[in-house]
Amino acid sequence: MSIEESNNKEIEELLAAIGQGDDRAMSELIALIYPQLKRLAHFQLAGERPNHTLNTTAIVHEAYMRMAGRREGWKDRGHFLRAAATVMRHLLVDHARKRNAAKRGDGKDALLLDENRLVTEDDTVAVLALDNAIKDVAAINPRFEHIIECRYFAGLSVADTAEALGMAVRTVERDWQRVRVYLTRAMEPDDH
Amino acid sequence: MNIERGKRIDEIFSHALDLSGDERNACVLDMCEDAEMRVEVSALLEAADSASDSLDKRFGAVRERVWGDVVGADDSPQENLTGQQAGHWRIGKRLARGGLATVYLAHRDDGEFDQTVAFKVLRRGLDTDDLVSRFRTERQILSTLEHPAIAQILDGGALPDGRPFLVLEYVDGVPITEYCDGKSSDVRDRVALVIDILRALHHAHKHLVVHRDIKPSNVLVSSEGNVTLLDFGIAKLLDPDAIPGKSTLTRTGMSLLTPGYGSPEQHAGQPVTTASDIYQVGAILFELLTGKRPSFARGDDEPGAPSQQIRGSIRYREVRGDLDAIVQKAMHADPTHRYGSASEMVADLERYLNGKPVVAQPDTLAYRLKKLTKRRPWLLPVVAASILGIGAYIVTLTLYSKQLRLEQQRAEAAQAFMVDLLSSPDPFAPADPELGRSITVIEALELGQDRLRSQLADQPELRATLLGSVARVYRSLDQNEQAIDLGEEALALNRDLYGEHSTAVLGNLRMLADRYNAIGLYGRAREYVRQQLDSAREMYGARDPLLGIAEVAAGKFENSQGDIEAGQALLASGIEKLRAAPEQNAETLITAIITSTEQEGMNDAESSMQLLEEGLAVAESAFGPESLHAAELRIAIGRNALFMHDNDRSEENYRYGLRVLESQLGRQHAATIKALQDYGETMNVTGDHAGSEVVFWELVERLIDQHGEQHRSVADNYQNLATTITYQGRFDESLPLHRKAHEIYKNVLEDDHYIVAFPLLSIASIEIERNNSSEAEPAAREALQQFQATVPGTYLEGVALCLVGLSLEQQGGVAAGSAMVEASHELILKRDVLVPKYQKLCRVPENLR
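As they're listed, the protein sequences go chains A and B.
Taken in order, the first sequence gives residues 3 to 194; the numbers are from the numbering used here.
Taken in order, the second sequence gives residues 341 to 1189; the numbers are from the numbering used here.
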């Protein structure tokens, strides 16, 4: 497992680098976390949950527990959660793009959905639509992007999100109230 | 809209959200720069107010699905091992593919055997170091499980790429739910199948393996109706958090649970014990009885009575009541309230099938049942043993205590036997010493059984009796070992938290003393009994009923150990204190009174009677006149009345008590039988032989009904019956009955049990009475031999010696005969209260006493 390989970069550094658009840093982070997440996902699948679904939140938590003991710099749960959220978003969107491109010819169809259309067989489109909408929302306040990553892509609770982003719970709550509204609007068909 | 504006709007939005009503409107008006902004912000506020979380939920579901795709898609291309060879095995077609492992059919391929098996191998990519090492450890543990209803691990190994595989017994069957539906099984059949599951589970629990994933798909039934439990311990394998060998507690990762089958503690991520398996079996029983998986109302950890799910169906009446109670006990949210072991649940289900009262029903009855049958387990054989064919049914303390001692010594000897076995090397012990110790105990018992079986192959009854002792030890271990472990832990904790002299510690000490007593560690038990008394003395005032409770506990123990003087004193002192608050301490007070008067009754019937009457009053007011407590007291009163020569009162009370016992517990219940025996014996003591004859015949019949003729209790009562008929002088009738008793004793008891010779004494003394010394002598000699071998130096040996002497005298060997009779005096006098008949017969001088 790649985790066992020696790698001295700490998550914080990686996250910082990613924040500055460093793609290599993203790959490294993914390489560190993803196998663990995947393994846990396999365990869940092995348990034969109904509809073969997963409980992502549980996976993230278990992954933290598993990895926290092993490396310096991973003790900070908040950092780990943030990293996991970033990784998951990246992977989900990446996957959705591939899938979507494979299905449609050009992959450029309407990515704007309203809330109702999220109930669709086309989950990949939903993922992409959400990802797209984030840009608009993040324009208002950059930290909204991270909140969405934590809440939607990693399924973290408000409390965990606060920990991940180093914010007060109350602030996250208040932000979240507004983010939801912005997000919903951003995903509605644009009629202006 | 531009970014600056957007930020501004957000700011206003944020402020306004915190306010409401007029304040909010004012804020919007104030802060917004223009009308457009006001409109915008108002729209946002409206949207925020009416927001639902459906977007969250929907996206959550999307996320999970896509994630599943992400991880699934990343799998290496499907591998198919069909056709390959692994060790002895040739892999056949693929049977199933799970998330973690794949199962194939396989056949042995070395030309030696023809065996079809299931071949299970970890999927590629999942063979991390820790998983693999757990695989191996589990294989070792699982290889110790050998039970017809458990799919056995036959072999294991590694593929060329290093991945481990397991070879398991191939089970051809369908899930239990399907099976029962397909055959439209009736309730009794379904219960029988669940009993099969529990038996398998019991075997595994004894080996400290917890299944943790019992669900219908893991319980297969073949077309012949044979149950097999699958994936045993595999759940343990899958859980990365399980630490092998770490006592009996394990943790199941939340991610593994199939909803509806996991126990509450599993869902909460708490440590899981054998109780969790019990819960899951309860859930299966639930489903088999109702056709539905147990469902939980919001916030509940318990699913409600099964019968409620099937109102209106024909099965409703069958399930309602006992089965409801059993299922609910098994599925209780608190693990400590469930059945303590799989075998306990089996016992209750069997009681249900046999129409007997089940323990799962409300506590008071269960408590009383336990109380009555377990309280003095030695008394049953001892009571019978007191019916010596020597003419007196005087139930004296010293006699009891000596025989108790003998019984105890036997128990201790059996224990020693086990301890010896424990030191034999254990081939199955895994690396962890803690686990090794536990397995050794169980292994040793198994080894003991094997030795017993092989060494005593031609003495089935002896073997049966010894195996019975082994089983008792097992049962005690089952039920008490865990209790003791947990109890000791609690004790240490409570000592830390509350100090030595605290109610918590007191409670722990008493419970532990009780358990140690139950498994025969009397030294330990005594220590704890003393400690709780010392603590109570520290904690409570000199008159406090709570101190009385401690004294009663100590007194009971001392009596049971044979130290009657100390015991009686403690009981008396305890009763004195408990009198101050009889209602609150009814149980203890009653117990103390009964224990105390049992010992004293003979000597001081009057004051005993007063005490018993007091006890009856307490019992009637606390539990009602038709309660088992009251019945017990009535029987004690009946006995005591006979000592006061009040036959009418005696009969009245005995009948009352017996009636209650029969109606509450049934005719065959041990307590009812014992009470009947009591009645019979006491009538003998007071001379009502005709009455006791009737009772003993009744007993013989009931016991033969219950156990068949070859049973210890049947022999006891034949002997009792014969003695009472002897008393009435009808020797022709009684001799064959004595012989019958002797014959049964020889068949069911091991050779070195002294009771075997009792009927011989009766026969010898009868024949001497009839001047049939040629018959008397061999009987007496055989008895003498038996007693010399088993209980030398006791008055039993003395009596036998005397009878041999008398028979010699009768045949003319006066010198030798009288010498023996003389010699016997010393031994006979060892008994505190002489039996008048023998005193006379053996010419024991009065003034020697």
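All residues carry an ideal CB built from backbone N, CA and C; glycine is no exception.
These numbers were taken from a predicted model, which means no experiment stands behind them.
Using a Cβ distance threshold of 8 Å, residue 1036 of chain B and residue 1048 of chain B do not count as a contacting pair. In this structure, the beta-carbon distance from residue 489 of chain B to residue 567 of chain B falls below 8 Å. Taking C-beta atoms as the reference points, residue 877 of chain B and residue 861 of chain B fail to come closer than 8 Å.
The C-beta of residue 694 of chain B has fewer than 16 other C-beta atoms within 10 Å across all chains shown, which makes the residue exposed. Counting only Cβ-Cβ distances below 7 Å, residue 462 of chain B has no contacts in chain A at all, with the closest Cβ about 11 Å away. For residue 143 of chain A, a Cβ of chain B is located within less than 8 Å of the residue's own Cβ.
For the region 614 to 636 of chain B, no residue has a beta-carbon sitting nearer than 8 Å to a beta-carbon of chain A.
For residue 978 of chain B, the enclosing alpha helix (DSSP H) starts and ends at 968 to 983.
Per the coordinates, the alpha-carbon of residue 1150 of chain B lies some 9 Å from the alpha-carbon of residue 1112 of chain B. Contact annotation: residue 911 of chain B and residue 936 of chain B have beta-carbon atoms nearer than 8 Å.
For residue 354 of chain B, the nearest CB of chain A lies under 8 Å from its own CB, placing it at the interface with that chain. Each of B:868, B:1156, B:903 and B:845 was checked against the Cα of residue 855 of chain B, and the nearest Cα belongs to B:868.
Residue pairing for residue 499 of chain B: DSSP places it in no beta bridge.
Pairing residue 189 of chain A with residue 140 of chain A gives a Cβ-Cβ distance that is not under 8 Å. In this structure, the alpha-carbon of residue 349 of chain B lies about 29 Å from that of residue 23 of chain A. In the DSSP assignment, residue 897 of chain B falls outside any beta strand (DSSP E) and within the unbroken alpha helix (DSSP H) covering 885 to 901. Annotation for residue 190 of chain A: no alpha helix (DSSP H) segment contains it, and DSSP assigns it neither H nor E. Residue 1138 of chain B and residue 1167 of chain B do touch by the CB rule: their CB atoms are close to 3 Å apart, below 8 Å. In this structure, residue 353 of chain B lies away from residue 395 of chain B, with their beta-carbon atoms at least 8 Å apart. Between the region 503 to 510 of chain B and the region 614 to 622 of chain B there are fewer than three inter-stretch CB-CB distances shorter than 8 Å, so the stretches are not counted as touching. What residue 399 of chain B touches in chain A, judged by beta-carbon distance under 8 Å, is 120, 128, 132 and 154, going in chain order. Residue 443 of chain B carries a strand assignment under DSSP once its states are collapsed to helix, strand and coil. Of the other Cβ atoms in all chains shown, fewer than 16 fall within 10 Å of the Cβ of residue 829 of chain B; this residue is therefore exposed. For the region 168 to 179 of chain A, the residues whose beta carbon sits under 9 Å from a beta carbon of chain B are, in order, 176, 177 and 179. DSSP, read as helix, strand or coil, puts residue 613 of chain B in coil. For residue 501 of chain B, no chain A residue has a Cβ inside 9 Å of its Cβ, as the nearest lies near 16 Å away.
Legend: CB atoms of the region 81 to 100 of chain A lying less than 8 Å from CB atoms of chain B belong to residues 90, 93, 94, 97 and 98. Taking all protein chains in view, the Cβ of residue 1031 of chain B is crowded by 16 or more other Cβ atoms within 10 Å, so the residue is classified as buried. A Cβ-Cβ separation of about 6 Å places residue 1084 of chain B in contact with residue 1050 of chain B under the 8 Å criterion.
B:1012 is the residue among B:1026, B:1027 and B:1012 whose C-alpha sits nearest the C-alpha of residue 1038 of chain B. Under DSSP, residue 506 of chain B shares a beta bridge with B:460 and B:496. Closer than 8 Å to the CB of residue 157 of chain A there is at least one CB belonging to chain B.
For residue 561 of chain B, the enclosing beta strand (DSSP E) begins and ends at 559 to 561. Judged by DSSP secondary structure, residue 158 of chain A falls outside any beta strand (DSSP E); it is assigned neither H nor E.
Under the Cβ criterion of 8 Å, residue 162 of chain A is not counted among the residues facing chain B.
Judged by beta-carbon spacing, residue 150 of chain A lies beyond the 8 Å limit of residue 346 of chain B, meaning their Cβ atoms are not closer than that value.
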